[in-house]
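Residue numbers (the working numbering), protein chains in the order written: chain A, 18 to 224; chain B, 18 to 224. One structure is given here, and the rest of the page talks about it.
There are 2 protein chains.
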Amino acid sequence: MSIPVTRSRENTRARLLEAAAQVFAEVGLDGASVEAVCERAGFTRGAFYSNFESKDELFLMLAGSVAEVRVSAVRARVDELAADGALVAGCDPIGLLQQIMELGGDDRLGVMLMSEIRIRALRDAQFGEAYLAQEREMVASIEQIIDDIISAGLLRLRLPAETAARMLMIMWEGMTVRGAMAGEDDAQLRHSGGEELGQLVQLLIES
Amino acid sequence: MSIPVTRSRENTRARLLEAAAQVFAEVGLDGASVEAVCERAGFTRGAFYSNFESKDELFLMLAGSVAEVRVSAVRARVDELAADGALVAGCDPIGLLQQIMELGGDDRLGVMLMSEIRIRALRDAQFGEAYLAQEREMVASIEQIIDDIISAGLLRLRLPAETAARMLMIMWEGMTVRGAMAGEDDAQLRHSGGEELGQLVQLLIES
DNA sequence: TGTATCCGATACATAGATGTATCGTAAGGT
DNA sequence: ACCTTACGATACATCTATGTATCGGATACA
């Protein structure tokens with residue numbers, strides 16, 4: 018997050034990407050001028066065009082980076098929980114889920130940026146394919162920990178783990194977006210829809 | 018949908034609104050120039066500024082109209098089903114749900130327009146409040162028909178009807194968006210996520 | 001310390017969008 | 001049929017964004 022101020026190419030690119038994430042989240046890709054992004058990063062457009070071809074290229078890199086971060090964060094957390102011996106008898110599956118979901122970059126700006134990425138995926142078929150691929154990876158990670166829990170004999174599901182994982186993803190996204198709309202701050206947002214998500218988990222679990 | 022070509026104020030406004038719906042869906046609010054909307058409608062900007070204050074005003078009117086249409090379509094359908102005696106023993110609750118959901122303007126452009134409206138609701142608190150209010154109305158309608166089914170003694174839910182209705186809305190939205198991303202055409206989209214939605218209904222129903 | 005190189009700032013040319021002011025014309029009333 | 005009014009087209013001035021070409025200065029290396 019905090020980026021040094023020395024003068025190196027990589028550093029400049031990182032600061033521009035960070036600024037772009039904020040500005041794109043706030044006003045959208047089309048609403049954001051290259052100038053605005055540069056100003057936020059403390060540069061002029063000279064720096065921008067020296068590092069990126071166009072606003073579109075910057076956006077693609079940003080989206081790729083965001084996808085990578087999300088996927089690997091979830092995957093790391095899942096691995097950690099699995100190795101950590103969190104899957105003991107009497108463990109709290111709802112709590113586990115929430116721990117995983119909380120990594121999704123679920124602050125206000127994160128939600129807005131993901132929404133911007135999502136709408137872009139809706140307009141551009143190729144980009145959409147990448148978006149869906151990234152989501153499949155996240156679903157696979159969630160599915161994996163669900164399977165781990167199941168094979169530990171701690172509970173049974175009423176649905177295939179993959180279906181359950183996808184439902185959880187969709188529900189989680191829907192709840193965070195609505196939370197952000199309702200003006201929840203970042204702290205509230207972090208547990209937004211926890212209620213509903215918990216109830217969904219209850220439904221998924223075979224009593 | 019088909020709008021006469023006579024020269025009257027109301028007609029002009031309607032054609033501009035219709036064109037705006039298409040263009041906004043395709044390229045987004047910020048990506049759409051007033052010129053592009055006018056061109057699509059077969060007018061010049063003169064007509065536009067004679068009828069609307071700004072692009073923003075046009076968008077607000079459009080969003081309002083869309084909300085109105087969606088809410089009343091769902092409400093009408095629910096009333097119709099209730100009066101129609103569809104709630105008989107052995108009725109198919111999943112089919113009922115799908116019939117209701119299919120009204121949401123779930124063609125490709127409809128999905129994209131709603132996404133545009135949604136992201137706008139995310140950026141503007143006041144607009145977001147209106148968006149959530151509209152959604153609450155739709156949820157209320159769905160909740161009502163669920164309650165009708167329940168009080169007819171046809172089934173029992175494992176959750177409060179309101180929670181169930183909200184889950185269905187969110188899941189339906191998520192599935193149609195993903196369907197549109199995956200390149201499903203309008204016909205496929207109409208049943209998009211029907212599988213998952215059906216499974217969710219199964220979960221909601223007390224066996 | 002001197003020098004070559006890299007990187008970001010500045011300046012400029014161009015394109016596109018906006019909003020307004022004016023003009024021409026079609027419709028409606030008498 | 002004439003006149004008035006209303007509506008949309010055209011033309012124009014302005015503003016903003018973009019991309020490029022050039023310049024200045026900091027950094028790294030000898």
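Glycine is no exception: its CB is placed at the ideal position from the N, C-alpha and C atoms. Quick caveat, the model's predicted, so the values are computed rather than measured.
#1: Looking only at its own chain, which residues have a Cβ that is under 6 Å from the Cβ of B/Met-118, when we skip the five neighbours before and after it?
#2: Can you give the Cα-Cα distance for A/Gln-143 and A/Ile-136, rounded to whole angstroms?
#3: With DSSP as the reference, identify every bridge partner of A/Ile-222, one or two as the case may be.
#4: What do you get for A/Tyr-148, buried or exposed, if any count of 16 or more other CB atoms within 10 angstroms of its CB means buried?
#5: Cβ of B/Thr-193 less than 8 Å from any chain A Cβ?
#6: Run down chain A in chain order and give the residues with a C-beta less than 8 Å from the C-beta of B/Glu-176.
#7: Under 9 Å Cβ-Cβ, which residues of chain B neighbour A/Tyr-66?
#8: Less than 8 Å between CB atoms is the rule here; does A/Arg-140 satisfy it with respect to chain B?
#9: Taking 8 Å as the cut-off, decide whether the C-beta atoms of B/Ile-159 and B/Ala-138 are in contact.
#10: For a contact defined as C-beta to C-beta under 7 Å, what are the partners of A/Asp-47 on chain B?
#11: Can you find the residues in the same chain that come closer than 8 Å, C-beta to C-beta, to B/Leu-172, ignoring five residues on each side of it along the sequence?
#12: Does A/Leu-79 have its Cβ less than 8 Å from a Cβ in chain B?
#13: Within a Cβ cutoff of 7 Å, which residues of the same chain sit near A/Val-22, ignoring the five residues on either side of it in sequence?
#14: Below 8 Å, can you find three or more Cβ-Cβ pairs linking the segment 52–65 of chain A to the segment 26–44 of chain A?
#15: What's the C-alpha gap between A/Glu-13 and A/Leu-79?
#16: What do you reckon, are the CB atoms on A/Val-83 and A/Phe-65 nearer than 8 Å?
#17: Of all the options A/Arg-125, A/Gly-48, A/Gln-216 and A/Pro-177, which has the alpha carbon lying nearest to the alpha carbon of A/Gly-200?
#18: Applying the 10 Å Cβ sphere with the 16-neighbour rule, what's the burial state of A/Glu-133?
#19: By how many angstroms is the C-alpha of B/Gln-205 removed from the C-alpha of B/Gly-112?
#20: Please report whether the beta-carbon of A/Ile-167 lies at a distance below 8 Å from any beta-carbon of chain B.
#21: Taking the alpha carbon of A/Glu-213 as the point to measure from, which residue in B/Gly-215, B/Leu-176 and B/Asp-164 has its own alpha carbon closest?
#22: Check whether chain A comes within 8 Å of B/Ala-204, counting only Cβ atoms and requiring the distance to be less than that.
#23: Run through chain B and tell me which residues come within less than 7 Å of A/Thr-29, C-beta to C-beta.
#24: Between A/Val-156, A/Val-194 and A/Ala-197, which has its C-alpha nearest A/Ala-178's C-alpha?
#25: Which of the three DSSP states is assigned to A/Cys-55 in this structure?
#26: Are any of the Cβ atoms in chain A nearer than 8 Å to that of B/Leu-149?
According to the structure shown:
#1: Position 101 of the second sequence, counting from 1, holds the residue named residue 118 of chain B. Cβ within range, chain order: Trp-189.
#2: Residue numbering aside, residue 143 of chain A sits at position 126 when the first sequence is read from its first letter. Residue numbering aside, residue 136 of chain A sits at position 119 when the first sequence is read from its first letter. Separation of A/Gln-143 and A/Ile-136 (C-alpha to C-alpha, rounded to the nearest whole angstrom) is 13 Å.
#3: Along the first sequence, one-based indexing puts residue 222 of chain A at 205. BP columns for A/Ile-222 point to A/Leu-174.
#4: If you number the first sequence from 1, residue 148 of chain A lands on position 131. Burial check for A/Tyr-148: the Cβ neighbour count within 10 Å reaches 16 or more, so the residue is buried.
#5: Taking the first residue of the second sequence as position 1, residue 193 of chain B is located at position 176. Chain A, which has no Cβ nearer than 8 Å to the Cβ of B/Thr-193, makes this no.
#6: Numbered from its first residue, the second sequence carries residue 176 of chain B at position 159. Correcting the residue identity first, residue 176 of chain B is Leu in this sequence and not Glu. Result: Gln-216 and Leu-220.
#7: In the first sequence, counting from the first residue as 1, residue 66 of chain A sits at position 49. Against chain B, a Cβ distance below 9 Å from A/Tyr-66 picks out nothing, because the smallest value is about 22 Å.
#8: By one-based count along the first sequence, residue 140 of chain A stands at place 123. Yes, because at least one Cβ of chain B sits closer than 8 Å to the Cβ of A/Arg-140.
#9: For the purposes of this step, residue 159 of chain B is taken as the residue at position 142 of the second sequence. For the purposes of this step, residue 138 of chain B is taken as the residue at position 121 of the second sequence. Going by C-beta atoms, B/Ile-159 is not nearer than 8 Å to B/Ala-138.
#10: Here residue 47 of chain A is taken as the residue at index 30 of the first sequence, counted from 1. Simply Gly-45, Asp-47 and Gly-48.
#11: In the second sequence, counting from the first residue as 1, residue 172 of chain B sits at position 155. So the qualifying residues of the chain are Pro-110, Ile-166, Ile-222 and Glu-223.
#12: Walking along the first sequence from the start, residue 79 of chain A turns up at place 62. No, because no Cβ of chain B sits closer than 8 Å to the Cβ of A/Leu-79.
#13: For the purposes of this step, residue 22 of chain A is taken as residue 5 along the first sequence, with counting starting at 1. Low confidence applies here, because A/Val-22 scores a pLDDT of 44, under 50, leaving its location unreliable and the question unanswered by this model.
#14: Judged by Cβ distances under 8 Å, the segment 52–65 of chain A makes contact with the segment 26–44 of chain A, as three or more pairs qualify.
#15: Residue coverage of chain A in this structure runs from 18 to 224, which leaves residue 13 of chain A outside it and unanswerable.
#16: As a working note, residue 83 of chain A is residue 66 in the first sequence. As a working note, residue 65 of chain A is residue 48 in the first sequence. No.
#17: In the first sequence, the residue the question calls residue 200 of chain A occupies position 183. Out of A/Arg-125, A/Gly-48, A/Gln-216 and A/Pro-177, A/Arg-125 has the C-alpha closest to the C-alpha of A/Gly-200.
#18: On the first sequence, position 116 is the one that residue 133 of chain A refers to. That one is buried.
#19: Within the second sequence, numbered from 1, the residue matching residue 112 of chain B stands at position 95. Within the second sequence, numbered from 1, the residue matching residue 205 of chain B stands at position 188. Computed Cα separation, rounded: 16 Å.
#20: To locate residue 167 of chain A, count along the first sequence from 1; it is residue 150. A/Ile-167 is outside the set of residues whose beta carbon lies under 8 Å from a beta carbon in chain B.
#21: Taking the first residue of the first sequence as position 1, residue 213 of chain A is located at position 196. Taking only the C-alpha atoms, the option nearest A/Glu-213 is B/Leu-176.
#22: Counted from its first residue, the second sequence places residue 204 of chain B at position 187. Output row for B/Ala-204: interface = no.
#23: In the first sequence, residue 29 of chain A corresponds to position 12, counting from 1. Using a Cβ-Cβ cut-off of 7 Å, A/Thr-29 is close to nothing in chain B; its nearest Cβ partner there is about 27 Å away.
#24: In the first sequence, counting from the first residue as 1, residue 178 of chain A sits at position 161. Distances from the CA of A/Ala-178 to each of A/Val-156, A/Val-194 and A/Ala-197 were compared; the closest alpha carbon is that of A/Val-156.
#25: The residue given as residue 55 of chain A occupies position 38 in the first sequence. Here A/Cys-55 sits in helix by DSSP.
#26: Numbered from its first residue, the second sequence carries residue 149 of chain B at position 132. Answer yes: the Cβ-Cβ gap between B/Leu-149 and chain A drops below 8 Å somewhere.
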